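Numbering (the working numbering), first residue to last: 260 to 490.
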């Protein structure tokens, strides 16, 4: 079932160690087929170099396993909440990449200090609060996804314009139109997190880039009047 989907999700997952975003089995990627309502996701705790496309687990939006010999990623419920709320999202990535996770552990959003950030994320990448004990006990992974959605609504963040979030004391999630795009955003997030850390290390009084610079760089790549790249 959905063999091409499983192949794409497998390739996206094995890209995580390639881009130095994970150690051991620390991350996961999924992609949804909106027509069927099923998505493929990495199996829980299986090492990247031992996986095959057939090992990807097919799930439905109710958290029921449709196909697969392994159990799905422990973060599956988070992916489901994001797919339910963000209709244009086709792929999701979770990692514990070093710099992005360091910002998350510090409880800080990543400010937009320059044009590299502005090219991909419109404004700061938010770091959302920890779950409460009750939220953790009730449904840790599901409530993580619900909290991301609620915080994007509260902050008036467009998930298409800011395809990333930091979960405090946990790590980053990114998303995109498909699994490959979500991995791309995870790589950019890690680079932006590293640049922001180094910028603050060099200049403790560094300021966010002027709004007009942020607007110029974001909108020349995104939206109706974008002109970056080839038509």
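From the three backbone atoms N, C-alpha and C, an ideal C-beta is built for every residue, glycine too.
Treat the numbers as computed from the prediction; the structure is a model and nothing was measured.
Nearest-angstrom beta carbon gap, residue j and residue i [assumed within contact, 8 Å]
{"i": "residue 322", "j": "residue 339", "result": "6 Å"}
{"i": "residue 426", "j": "residue 363", "result": "6 Å"}
{"i": "residue 280", "j": "residue 451", "result": "Contact doesn't hold; Cβ gap of about 13 Å is too wide."}
{"i": "residue 315", "j": "residue 327", "result": "7 Å"}
Separation of residue j from residue i, as counted between CA atoms
{"i": "residue 273", "j": "residue 349", "result": "18 Å"}
{"i": "residue 490", "j": "residue 479", "result": "13 Å"}
{"i": "residue 345", "j": "residue 368", "result": "21 Å"}
{"i": "residue 430", "j": "residue 381", "result": "20 Å"}
{"i": "residue 331", "j": "residue 385", "result": "27 Å"}
{"i": "residue 436", "j": "residue 443", "result": "11 Å"}
{"i": "residue 320", "j": "residue 475", "result": "38 Å"}
{"i": "residue 371", "j": "residue 423", "result": "13 Å"}
{"i": "residue 307", "j": "residue 398", "result": "27 Å"}
{"i": "residue 483", "j": "residue 379", "result": "16 Å"}
{"i": "residue 416", "j": "residue 477", "result": "15 Å"}
{"i": "residue 295", "j": "residue 317", "result": "11 Å"}
{"i": "residue 460", "j": "residue 262", "result": "47 Å"}
{"i": "residue 286", "j": "residue 488", "result": "31 Å"}
{"i": "residue 420", "j": "residue 383", "result": "11 Å"}
{"i": "residue 288", "j": "residue 441", "result": "8 Å"}
{"i": "residue 277", "j": "residue 268", "result": "15 Å"}
{"i": "residue 408", "j": "residue 388", "result": "12 Å"}
Residues that residue i bridges to, as DSSP identifies them
{"i": "residue 319", "result": "297"}
{"i": "residue 324", "result": "318"}
{"i": "residue 425", "result": "386 and 431"}
{"i": "residue 352", "result": "288 and 433"}
{"i": "residue 302", "result": "331"}
Reduced DSSP secondary structure (H/G/I, E/B, other) of residue i
{"i": "residue 383", "result": "coil"}
{"i": "residue 263", "result": "helix"}
{"i": "residue 338", "result": "helix"}
{"i": "residue 401", "result": "helix"}
{"i": "residue 290", "result": "strand"}
{"i": "residue 331", "result": "strand"}
{"i": "residue 370", "result": "coil"}
{"i": "residue 364", "result": "helix"}
{"i": "residue 414", "result": "coil"}
{"i": "residue 420", "result": "coil"}
{"i": "residue 470", "result": "helix"}
{"i": "residue 486", "result": "coil"}
{"i": "residue 454", "result": "helix"}
{"i": "residue 280", "result": "coil"}
{"i": "residue 308", "result": "helix"}
{"i": "residue 438", "result": "helix"}
Buried/exposed call for residue i, threshold 16 Cβ in 10 Å
{"i": "residue 351", "result": "buried"}
{"i": "residue 275", "result": "buried"}
{"i": "residue 403", "result": "buried"}
{"i": "residue 337", "result": "buried"}
{"i": "residue 356", "result": "buried"}
{"i": "residue 418", "result": "buried"}
{"i": "residue 457", "result": "exposed"}
{"i": "residue 471", "result": "exposed"}
{"i": "residue 333", "result": "exposed"}
{"i": "residue 463", "result": "exposed"}
{"i": "residue 486", "result": "exposed"}
{"i": "residue 411", "result": "buried"}
C-beta neighbour in chain C for residue i, strict 7 Å
{"i": "residue 366", "result": "Protein chains in the displayed structure number just one, and chain C is not present."}
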